[in-house]
Structure formats: C-alpha cells, structure tokens
Amino acid sequence: MKFIVLTIFPDMFNPLWEYGIVKRAIDQNKISASTVNIRDFEKGRHRVTDDRPYGGGSGMVMKPEPVAAAIRSAKKSALASKTILLTPQGRRLDHSMARGLVSLPGLILVCGRYEGVDERICQELIDYEISIGDYVLTGGELAAMVIIDAVTRLIPGVLGGADSAEKDSFSGSLLEYAHYTRPQTYEGTEVPEVLMSGNHKEIEKWRLESSLIRTFLKRQDLLQNRPLDRQEIEILKKWCLDIERIIHAQPLRGAGALSGGQQAGRHNNGRHNEP
Ligand code: 4HQ
20 MKFIVLTIFP
30 DMFNPLWEYG
40 IVKRAIDQNK
50 ISASTVNIRD
60 FEKGRHRVTD
70 DRPYGGGSGM
80 VMKPEPVAAA
90 IRSAKKSALA
100 SKTILLTPQG
110 RRLDHSMARG
120 LVSLPGLILV
130 CGRYEGVDER
140 ICQELIDYEI
150 SIGDYVLTGG
160 ELAAMVIIDA
170 VTRLIPGVLG
180 GADSAEKDSF
190 SGSLLEYAHY
200 TRPQTYEGTE
210 VPEVLMSGNH
220 KEIEKWRLES
230 SLIRTFLKRQ
240 DLLQNRPLDR
250 QEIEILKKWC
260 LDIERIIHAQ
270 PLRGAGALSG
280 GQQAGRHNNG
290 RHNEP
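Structure follows, in structure tokens:
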C-alpha cells in the first residue's frame, strides 16, 4: 500500500512514520509513505497557498492551483491510487470503510488547512471525501494520520499474530472483551478465574459474553441491525432469564400492607418496578 500525503506541514507526519506498527510496516515494505509539500507547487514569489474567500467573510481558502498541481504530480507517481480529501463533509470513517481502503493499491491524502480547499478541486480531482468524525479540526493532517494508522494495521502480516486484526473489536462489530495481565490481584481486584483455568473452550465462552455485555452496556447501537449467531442468542436469553428471576424474586417495594390490598410483587398489572 502506497500512501502519499499532500500537506503544507509535512513534518507533522514524521512521528507517525517513526513509531510503532506504522514504522515496522515501512521497514518491512508493507507500506510506503511519503509527503508532498503543497507549498512546493505554488510558484508565486512568496509561495502563499491561501487567499481570501470570494463573497467575503472570515478565514482563508486554499488556492486551487498549487493543490491541483500537487495532486497531479502525486497521481503520476501512483497511477492506480485513489485521491481522498479529508473534510467534515465526507463519509464518516468506520472499520468497514478502513477494510475497503486496504484493498486499494494506494491512497493520495489531501490535507487542507484554514477553511478548506477551493470547491473546484473537490469536483475535479477528488475520488472520495472522508471525515473522521463530527467535530472540526484545524487541518486534515490528523484525519489523514488516523486513516493511515487504521488502514495499515489491516494489511496482512503487519500485526503480530496471523489473525490479530480479525479478532479485534469491530471485526465482528462487537466491542473487545475485557483484558487482564499480571498481577493476579491488583488493588484488591482479582482476574476472572476462568481466564487462569487453561480451559480454552470456557475462556472463549467467557470472552464472547464479555464482548456482548460490554457492547450491550456501552454501545447498544452496534447490536442493532447485526445478525446474532446461535451462541450469542443463548447468552442473551440467559440474561433475560436472570433479569426475570431478579424481578420476580422480591416483592414490589412499597406495595405492602399500606398499598390498598394489592398482592405484593406479582400480578401487578404488569407493573414490576415502579419507584
Ligand atoms: N477538517 N474529518 C480540514 C476536519 C476533518 C474531519 C476541518 C478537515 C478543517 C480544513 N477532516 N479542514 N472532521 O475537521 O476529516
């Protein structure tokens, strides 16, 4: 995978190339990474890449000529690449989009500053517009780094274990299960016993249940529109039964002798849990 980043701040990317898994991917030739300084394509005497907006108002706009020249130059050196503009107007990045991007031969990532780039660039030279989320950054650089990072770790062989990327959060659209390492007791809290049992089948079961409950409690939206397998349905049904059991185990609080003769707890016109 070939990444070419177009930016007026190429040095911002040095720490990305120089650390961790992205660095290793470069060293192992799994990705190639380069930056193009948009300023180098501005032929004006002062190499200014922004200008005042037509129609007035505050903020500056990136001039079309240097951005276009930089994109055309990058396209020449990476013919099959797709060109992406980072913008809050783009389609929101998620894991399935990252999986789509990893199958492309190369990405040219265009990072704007100020109020963004002249609209005519977007129409002519951009294949996709991508946003990393609904908030406003001061430039597209951090968004480009997020894409490079998320895509790189999906390239086969980049992560340690053969299946590391398959197993993590979002691959199956559930959150990750809870992780533990030594010590066995930390500030009074024990590691769940099953994880030390060596029983791999039970550990797998525990992990699926952990994933499910975390997703249910923290991100119910991820569970909507997601097909469930037989094992997941079993776990959810078990919770339903457990919850039912708790509801029916005790009488309704406040529904004792003073509440008008209604039988406590049960057969309460379906009202189980009123304050
Ligand atoms: N930008 N996701 C670049 C963003 C952004 C986002 C604001 C992009 C400023 C010039 N990019 N312009 N959110 O906030 O990708």
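Going by the working numbering, the sequence shown opens with residue 20, and the numbers climb by one from there. From the three backbone atoms N, C-alpha and C, an ideal C-beta is built for every residue, glycine too. These figures come from a predicted structure and were not determined experimentally.
If you measure between the beta carbons of residue i and residue j, is that distance less than 7 angstroms?
i: G131; j: G152; result: no
i: G78; j: E138; result: no
i: V41; j: V86; result: no
i: L128; j: K101; result: no
i: I149; j: L126; result: no
i: A44; j: V165; result: no
i: E228; j: I254; result: yes
i: I50; j: M20; result: yes
i: D83; j: I145; result: Note that residue 83 is Pro in the sequence shown, not Asp. No, these two residues do not count as a Cβ contact at 7 angstroms.
i: F235; j: H114; result: no
i: V170; j: L120; result: yes
i: L98; j: A162; result: no
Is any non-hydrogen atom of the ligand 4HQ found closer than 6 angstroms to the C-beta of residue i, if you look at the structure I gave you?
i: S53; result: no
i: P107; result: yes
i: I295; result: Summary: the structure shown does not reach residue 295, with the chain confined to residues 20 through 294, and so no result is reported for it.
i: I151; result: yes
i: V24; result: no
i: V155; result: yes
i: G78; result: no
i: A162; result: yes
i: G207; result: no
i: G159; result: yes
i: G135; result: yes
i: G131; result: yes
Here's a check: name, in chain order, each residue in its chain whose Cβ is nearer than 7 angstroms to the Cβ of residue i, leaving out the five neighbours to either side.
i: A283; result: Per-residue confidence for A283 stands at a pLDDT of 45, beneath the threshold of 50, marking its modelled position as unreliable; the derived number appears in the next sentence. Hits under 7 angstroms: P270, L271, A274, G275.
i: R238; result: L194
i: W36; result: K42, I45, A52
Which same chain residues end up closer than 6 angstroms to residue i when comparing Cβ atoms and leaving out the 5 residues on each side of it in sequence?
i: P294; result: Model confidence at P294 stands at a pLDDT of 44, short of 50, so the residue's coordinates are unreliable; what they give is reported in the following sentence. Cβ neighbours of P294 beyond the five flanking positions: none.
i: Q203; result: V210
Ignore the nearest five residues each way along the sequence and tell me which others in residue i's own chain have a CB closer than 8 angstroms to its CB.
i: V55; result: I23, V24, L25, T26, P29, A89, S92, A93
i: R118; result: L173
i: T157; result: R132
Practice item. Examine the Cβ distances between the stretch 191–205 and the stretch 237–251 and report whether three or more of them are shorter than 8 angstroms. Key: yes
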